[in-house]
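A.B. asks:
There are 2 protein chains.
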Amino acid sequence: MLLLGMLIAHSRHGYQINEIIEHNLGYLIDIKKSTAYTILDRLSEAGFVSMTTEQEGNRPPRKVYSITPSGERQFYQLLRENLEMLDLQYFEEDIGMMFIDHLSTEDAKEALLHKLQKVDQQIENYKQVPHHEIGVGVNIAVNHHLHLLHAEKEWLKQVIGELSRHNPI
Amino acid sequence: MLLLGMLIAHSRHGYQINEIIEHNLGYLIDIKKSTAYTILDRLSEAGFVSMTTEQEGNRPPRKVYSITPSGERQFYQLLRENLEMLDLQYFEEDIGMMFIDHLSTEDAKEALLHKLQKVDQQIENYKQVPHHEIGVGVNIAVNHHLHLLHAEKEWLKQVIGELSRHNPI
DNA sequence: GACTGATTAGTCAACACCGACTATAATAAA
DNA sequence: TTTATTATAGTCGGTGTTGACTAATCAGTC
Chain W
195 MLLLGMLIAH SRHGYQINEI IEHNLGYLID IKKSTAYTIL DRLSEAGFVS MTTEQEGNRP
255 PRKVYSITPS GERQFYQLLR ENLEMLDLQY FEEDIGMMFI DHLSTEDAKE ALLHKLQKVD
315 QQIENYKQVP HHEIGVGVNI AVNHHLHLLH AEKEWLKQVI GELSRHNPI
Chain Y
195 MLLLGMLIAH SRHGYQINEI IEHNLGYLID IKKSTAYTIL DRLSEAGFVS MTTEQEGNRP
255 PRKVYSITPS GERQFYQLLR ENLEMLDLQY FEEDIGMMFI DHLSTEDAKE ALLHKLQKVD
315 QQIENYKQVP HHEIGVGVNI AVNHHLHLLH AEKEWLKQVI GELSRHNPI
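Laid out in structure tokens, this is it:
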């Protein structure tokens with residue numbers, strides 16, 4: 195769906211797509227080069243995108259991917275589904291939380307304080323994501339992350355507070 | 195790490211482990227039966243757990259997994275790392291957000307209202323998770339989810355509000 | 001004149017994970 | 001008495017993802 199979306203506005207070639215993902219959307223999505231190529235192939239087989247080869251000067255040839263009408267329909271379908279969906283998240287970090295009572299209160303607290311620092315740093319990172327980009331929506335997504343990071347921070351502070359109450363210095 | 199943690203308190207056999215994951219931890223983690231068996235094998239090969247076979251009556255034999263001292267060390271190492279770590283999350287849902295301007299305001303709003311309902315429902319679900327379980331930590335993790343779901347709800351309402359402002363009825 | 005880094009394109013083997021399936025024995029329900 | 005369910009154990013092929021690798025051309029730097 196992401197890849198279809200990137201082709202909705204206009205056709206792009208593979209390198210460009212991967213550039214945008216890596217340099218502009220790195221905060222929001224995690225898709226590697228090889229994966230992107232594989233998916234583009236799949237989309238092409240399914241008839242959602244078409245490929246043409248271009249050559250500019252003597253440079254290596256580019257493969258230009260364009261979305262087909264069928265691909266556009268698919269995109270809008272996926273878009274609606276995606277906006278309605280709520281995929282229940284699983285957090286690797288919760289696994290640690292489940293066993294937090296296996297550490298001493300001090301050790302646990304120390305670990306969580308480290309984590310708190312990382313959350314703060316992450317918040318700073320997101321704040322500094324530039325505001326131009328592919329579309330308005332990207333900023334909304336960045337905002338989403340910021341919002342959730344703030345919530346995470348609040349929660350962490352709460353947990354740390356409870357730890358302190360259980361075992362004050 | 196999860197599996198090591200489940201064996202820290204006492205040995206368990208495979209079926210039991212999968213039962214607990216499926217029935218008691220389904221809200222928090224997502225590991226399928228076949229995966230669990232594979233991981234248990236890997237842990238066994240790595241020397242972090244040992245297996246013995248038991249037979250009770252004429253029932254199918256059980257494989258009982260116990261954690262080894264090396265496994266315990268590994269567990270505590272992983273636990274510390276896990277508690278400090280902050281893995282930056284990627285949300286499939288953000289991909290839709292990135293392209294939200296491709297839908298009409300009404301359609302977008304409708305989709306997000308659906309989603310809001312699902313968030314509410316999810317919150318109810320988590321509220322009703324029973325409070326006994328494997329350890330204190332499980333409740334902390336459930337609480338974490340609740341906290342983040344509330345944040346998600348708030349944010350969604352905010353986005354919907356902005357949509358309405360852009361295109362009031 | 002040599003070398004580095006960007007631009008463009010992939011490939012491919014390895015890995016993790018999962019869904020669907022297979023077994024068997026006891027126990028409960030019809 | 002047959003049938004369904006629970007307890008117990010996996011296996012295995014298919015899918016998606018990735019890291020590491022290969023190629024070639026051009027622009028710029030030392």
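Those protein sequences? They're chains W and Y, same order as listed.
Heads up: the first sequence begins at 195 in this note's numbering, then just goes up one per residue.
Heads up: the second sequence begins at 195 in this note's numbering, then just goes up one per residue.
Just so it is clear, CB atoms sit at the ideal spot from N, CA and C, and this is done for glycine as well.
Can you pull the chain W residues whose beta carbon is under 9 Å from the beta carbon of A345 (chain Y), in chain order?
C.D. replies: Here the neighbours are H341, L342, H344, A345, E346, E348, W349.
A.B. asks: How about A240 (chain Y) and M292 (chain W): do their beta carbons lie closer than 8 Å?
C.D. replies: no
A.B. asks: So with CB distances below 9 Å, who are the chain W contacts of L237 (chain Y)?
C.D. replies: Neighbours of L237 (chain Y) on chain W: none; closest Cβ ~15 Å, over 9 Å.
A.B. asks: Do three or more CB pairs link the stretch 336 to 346 of chain Y to the stretch 314 to 323 of chain Y at distances below 8 Å?
C.D. replies: yes
A.B. asks: If we cut at 8 Å on Cβ distances, does E278 (chain Y) have a partner in chain W?
C.D. replies: yes
A.B. asks: For Y259 (chain Y) and S205 (chain Y), which I take to be in contact (beta-carbon distance under 8 Å), what is that distance rounded to the nearest angstrom?
C.D. replies: 6 Å
A.B. asks: Does the count of Cβ pairs from the stretch 262 to 282 of chain W and the stretch 275 to 291 of chain Y closer than 8 Å reach three?
C.D. replies: yes
A.B. asks: Excluding the 5 residues flanking R256 (chain Y) on each side, which residues of the same chain have their C-beta closer than 8 Å to its C-beta?
C.D. replies: H207, G208, Y209, T247, E248, Q249, E250
A.B. asks: Hey, quick one: how far does the alpha helix (DSSP H) through Y209 (chain Y) stretch, first residue to last?
C.D. replies: Under the DSSP assignment, Y209 (chain Y) falls in the alpha helix (DSSP H) whose first and last residues are 208 to 213.
A.B. asks: Return the residue from the list W:A230, W:G199, W:L306, W:D235 that minimises the CA-CA distance to Q271 (chain W).
C.D. replies: It is W:G199 whose Cα lies nearest to the Cα of Q271 (chain W).
A.B. asks: State the start and end residues of the unbroken alpha helix (DSSP H) segment that holds I354 (chain W).
C.D. replies: 330 to 360
A.B. asks: Would you mind giving the Cβ-Cβ distance between K309 (chain W) and L280 (chain Y), rounded to the nearest angstrom? I have them listed as a contact below 8 Å.
C.D. replies: 6 Å
A.B. asks: Which of helix, strand or coil does DSSP assign to I225 (chain W)?
C.D. replies: Reduced to three states, the DSSP call for I225 (chain W) is coil.
A.B. asks: Grouping DSSP H, G and I as helix and E and B as strand, with all else coil, what is E323 (chain Y)?
C.D. replies: Glu is not the amino acid found at residue 323 (chain Y); the sequence shown has Val there. Looking at V323 (chain Y) - three-state DSSP - the assignment turns out to be coil, as it is neither helix nor strand.
A.B. asks: Rounded C-beta distance between V243 (chain Y) and T262 (chain Y)? I'm assuming under 8 Å.
C.D. replies: 6 Å
A.B. asks: Give a yes or no on whether the minimum CB-CB distance between F242 (chain W) and chain Y is below 8 Å.
C.D. replies: Interface criterion not met: the Cβ of F242 (chain W) is under 8 Å from no Cβ in chain Y.
A.B. asks: For T232 (chain Y), name the three-state secondary structure that DSSP assigns.
C.D. replies: When secondary structure is reduced to three states using DSSP, T232 (chain Y) falls in the helix class.
A.B. asks: Could you give the C-beta distance for I215 (chain W) and I223 (chain W), rounded to a whole number, given that I count them as a contact under 8 Å?
C.D. replies: 7 Å
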